[in-house]
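Engineer:
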Amino acid sequence: QMEEKFQESLLRQLQLNEIPVLEKADVEHLVIPDHVRTKYVSLMKRSAEEPSPRGK
Amino acid sequence: RHSQTIAEIMGRFFSDASNQLLVFSMKDRLPPNRELVQAVLRLFQKPSSKGVIRKQHKMFPFHSYASVTIYWVQVREDGTNRTYVIDSRRVSTQETGWITFDVSQAVNYWQQEGKVNQPLVLEVSIHRENIGPMSSNAHKFIHFSSQNPVDGELHAPQLQLHTLDMEEYGAHGNCDPDIPLSRGTRCCRRETYINLQEFKWTENWILDPPGFKAYDCVGSCQQLKKEHLNFRWPFATQRKCHVTSTAPLPLIVAVKEGDKIVTKVVNLYNMKVMQCSCSSEGMPVMKKLKP
Numbered sequence: 412q413m414e415e416k417f418q419e420s421l422l423r424q425l426q427l428n429e430i431p432v433l434e435k436a437d438v439e440h441l442v443i444p445d446h447v448r449t450k451y452v453s454l455m456k457r458s459a460e461e462p463s464p465r466g467k
Numbered sequence: 002r003h004s005q006t007i008a009e010i011m012g013r014f015f016s017d018a019s020n021q022l023l024v025f026s027m028k029d030r031l032p033p034n035r036e037l038v039q040a041v042l043r044l045f046q047k048p049s050s051k052g053v054i055r056k057q058h059k060m061f062p063f064h065s066y067a068s069v070t071i072y073w074v075q076v077r078e079d080g081t082n083r084t085y086v087i088d089s090r091r092v093s094t095q096e097t098g099w100i101t102f103d104v105s106q107a108v109n110y111w112q113q114e115g116k117v118n119q120p121l122v123l124e125v126s127i128h129r130e131n132i133g134p135m136s137s138n139a140h141k142f143i144h145f146s147s148q149n150p151v152d153g154e155l156h157a158p159q160l161q162l163h164t165l166d167m168e169e170y171g172a173h174g175n176c177d178p179d180i181p182l183s184r185g186t187r188c189c190r191r192e193t194y195i196n197l198q199e200f201k202w203t204e205n206w207i208l209d210p211p212g213f214k215a216y217d218c219v220g221s222c223q224q225l226k227k228e229h230l231n232f233r234w235p236f237a238t239q240r241k242c243h244v245t246s247t248a249p250l251p252l253i254v255a256v257k258e259g260d261k262i263v264t265k266v267v268n269l270y271n272m273k274v275m276q277c278s279c280s281s282e283g284m285p286v287m288k289k290l291k292p
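Right, here's the structure in full:
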């Protein structure tokens, strides 16, 4: 269930209809730019701190 | 206003509703270890004189009702007030005695503000049930005992708070990983780790994180028994262990843009369970205060 939910949520947010197929060669030399890494780290910190209330 | 064809008309807002403010001190009434399940406002409706009832009945034989609406009054930092409708019901001039209103949402708003030393301020508005020249003016003859000492203590408005002891009826935070789950396990948050690298389809697509702690809510809740409740509460149904707050999960993914491959950050919502609670099925979800 978790896998399905995870995949569905990811495709919806990226507005993709199917899972992209990328080869290892495509990403092997990919560098993650600083601004992307910085945004990721700040979201990760925020995610650990403030829960979003879902109501009961 | 600002219309070329219609001249602006100035006027005064006129309402023949009668309003009274009620102020309840909340000091020590809702300690952190108690959960509010319902808040009830009880107002004593004074009897209308027989003459009034007779005259009303003659003029409006089928309609001697008025509407009573309860508002929560939010006193803002800048000193202005803002009101929120909490409950409303019809009242007859021919009745007298205690009537109740559900003001759970008002107490919940008060809790959300977190100003524990501030009182709860409610406004009782008695107004016409219908609008128009033929509508009854029964609202003029409906009176409730107020908090004014002149009205006496016996029939003063009452705020009843029905709460549950969280120690007994609440969840127990995070599960103890050293204690195996059993029938007796109390509702808690169990750590479950999702290894994204086990999902074949994430290969070369999700670059970070390799996995994450998702958690889930397990265990059972202490049930309410009818004899525990000294009032009629429609939600004394099955209490279950629910997810009550979640957090998003950020990811770094590789995506194709044209013939290039770039990296992007995506924030997946409701992916991590942050809190589990025991609550009754069908309990109304309290509204959130908007800033």
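Going down the list, the sequences are from chains V and C. Its first residue numbered 412, the first sequence is counted upward by one per residue in this note's numbering. Its first residue numbered 2, the second sequence is counted upward by one per residue in this note's numbering. Glycine included, C-beta positions come from ideal geometry on N, C-alpha and C.
1) Could you pull out every residue in the same chain whose Cβ sits closer than 6 Å to the Cβ of C/Val24, ignoring the five residues on either side in sequence?
2) Give the interface partners of C/Ile180 over in chain V, defined as CB-CB distance under 7 Å, in chain order.
3) Less than 8 Å separating the beta-carbons of C/Tyr85 and C/Glu124?
4) Could you list which residues in chain V have their beta carbon closer than 8 Å to that of C/Pro33, in chain order?
5) What is the C-beta distance between C/Ile143 and C/Val92, in whole angstroms, given that I count them as a contact (C-beta under 8 Å)?
6) What is the rounded straight-line gap between the Cα of V/Gln426 and the Cα of C/Gln112?
7) Name, please, each residue of chain C whose Cβ falls closer than 7 Å to the Cβ of V/Asp445.
8) So who's on the other strand from C/Pro285, going by DSSP bridges?
9) Using the beta-carbon of each residue, which ones in chain C are nearer than 9 Å to V/Gln418?
10) Starting from the C-beta of C/His64, find all residues in its chain whose C-beta is less than 7 Å away, skip the five residues before and the five after it, and write them out in chain order.
11) How about the segment 182 to 197 of chain C and the segment 207 to 215 of chain C: do they share at least three Cβ pairs that are nearer than 8 Å?
12) Can you give me the start and stop residues for the beta strand (DSSP E) that C/Glu258 sits inside?
13) In chain order, what residues of the same chain lie with their CB nearer than 8 Å to the CB of V/Lys456, ignoring the 5 residues before and after it?
14) Work out the CA separation of C/Phe200 and V/Ile430 for me, nearest whole Å.
15) I'd like to know whether the C-beta of V/Leu422 is nearer than 8 Å to at least one C-beta of chain C.
16) Let's test the definition: count the other Cβ atoms within 10 Å of the Cβ of C/Gly133 and tell me whether it reaches 16, buried, or not, exposed.
17) With 16 as the cutoff for other CB atoms within 10 Å, does C/Arg190 come out buried or exposed?
18) With C-beta atoms as the reference, is V/Leu433 less than 8 Å away from C/Asn205?
19) What does V/Glu434 touch in chain C if you count any residue whose Cβ is under 7 Å from its own?
20) Can you name the residues of chain C whose CB is closer than 7 Å to the CB of V/Glu414?
21) How about C/Ala157 and C/Cys279: are their beta carbons less than 8 Å apart?
22) Excluding the 5 residues flanking C/Ser126 on each side, which residues of the same chain have their C-beta closer than 6 Å to its C-beta?
23) So is C/Gly14 buried or exposed if we call it buried at 16+ other beta carbons inside 10 Å?
24) Starting from the beta carbon of C/Gln268, find every residue of chain V whose beta carbon is closer than 7 Å, and list them in chain order.
25) As a quick exercise: from C/Asp177, C/Leu160, C/Glu258 and C/Pro181, pick the residue whose alpha carbon is nearest that of C/Lys28.
26) In chain order, which continuous runs of the beta strand (DSSP E) of length 3 or greater are located wholly inside the segment 119 to 175 of chain C?
27) Determine the extent of the alpha helix (DSSP H) in which V/Phe417 is found, giving its start and end residues.
28) Given this structure, state the Cα-to-Cα distance separating C/Val41 from C/Pro285, to the nearest angstrom.
29) State buried or exposed for V/His446, treating a residue as buried only when at least 16 other CB atoms are found within 10 Å of its CB.
30) Does the CB of C/Thr164 have a neighbour CB from chain V at under 8 Å?
31) Use the C-beta contact count for C/Lys273: other C-beta atoms within 10 angstroms, 16 or more gives buried, fewer gives exposed.
32) For C/Leu37, which beta-bridge partners are listed by DSSP?
33) Excluding the 5 residues flanking C/Ile7 on each side, which residues of the same chain have their C-beta closer than 7 Å to its C-beta?
34) Would you grab the beta carbon distance between C/Gln223 and C/Thr245 for me? Rounded to a whole angstrom, and I think it's under 8 Å.
Structural biologist: Let's see:
1) These residues qualify, in order along the chain: Pro120 and Val122.
2) Proximity of chain V to C/Ile180 at the Cβ level (cut-off 7 Å) is not reached, the minimal Cβ distance being about 23 Å.
3) No; because the gap between Cβ atoms is not below 8 Å, this pair is not in contact.
4) Result: empty, since nearest Cβ-Cβ is about 17 Å, beyond 8 Å.
5) C/Ile143 to C/Val92, Cβ: 6 Å. Contact.
6) Computed Cα separation, rounded: 39 Å.
7) Near V/Asp445 there are no residues of chain C at all, since even the closest Cβ is about 11 Å away, more than 7 Å.
8) Beta-bridge partners assigned by DSSP to C/Pro285: none are found.
9) Result: Phe200, Trp202 and Thr203.
10) The answer, listed in chain order, is Ser137.
11) Short answer: they touch.
12) Arg240 to Glu258 is the span of the beta strand (DSSP E), which, as asked, contains C/Glu258.
13) In the same chain as V/Lys456, and ignoring 5 residues on each side of it, no C-beta atom comes closer than 8 Å to its own.
14) When only Cα atoms are considered, V/Ile430 and C/Phe200 end up about 12 Å apart.
15) No, V/Leu422 lies away from the interface with chain C (no Cβ there is under 8 Å from its Cβ).
16) By the neighbour-count rule (16 or more Cβ atoms within 10 Å), C/Gly133 is not buried but exposed.
17) With 16 or more other Cβ atoms within 10 Å, it is buried.
18) Using a Cβ distance threshold of 8 Å, V/Leu433 and C/Asn205 count as a contacting pair.
19) Chain C residues near V/Glu434: Asn205.
20) Ordered by position in chain C, the residues that pass the 7 Å Cβ test against V/Glu414 are Phe200.
21) Their beta carbons are not under 8 Å apart, which means C/Ala157 does not touch C/Cys279 by this criterion.
22) Ala18, Asn20 and Thr70, listed in sequence order.
23) Here residue 14 of chain C is Phe; the residue named in the question, Gly, does not match the sequence. With fewer than 16 Cβ atoms within 10 Å of its Cβ, C/Phe14 is classed as exposed.
24) It is worth fixing the name first, because residue 268 of chain C is Asn in this sequence and not Gln. Within chain V, the residues near C/Asn268 are Leu454.
25) The candidate whose alpha carbon is nearest that of C/Lys28 is C/Leu160.
26) Whole beta strand (DSSP E) segments, 3+ residues: 121 to 129 and 159 to 166.
27) Counting along the chain, V/Phe417 sits inside the alpha helix (DSSP H) bounded by residues Met413 to Gln424.
28) Between C/Val41 and C/Pro285, the alpha-carbon positions lie close to 15 Å from each other.
29) The Cβ neighbour count for V/His446, taken over all protein chains shown within 10 Å, is under 16; the residue is labelled exposed.
30) Interface with chain V (8 Å Cβ-Cβ cutoff): C/Thr164 is excluded.
31) The residue in question, C/Lys273, is buried, as its Cβ has 16 or more Cβ neighbours within 10 Å.
32) According to the DSSP secondary-structure assignment, C/Leu37 is paired through a beta bridge with C/Thr164.
33) Excluding positions up to five away in sequence, the list is empty.
34) Contact between C/Gln223 and C/Thr245 is absent: CB atoms are separated by about 16 Å, not below the 8 Å threshold.
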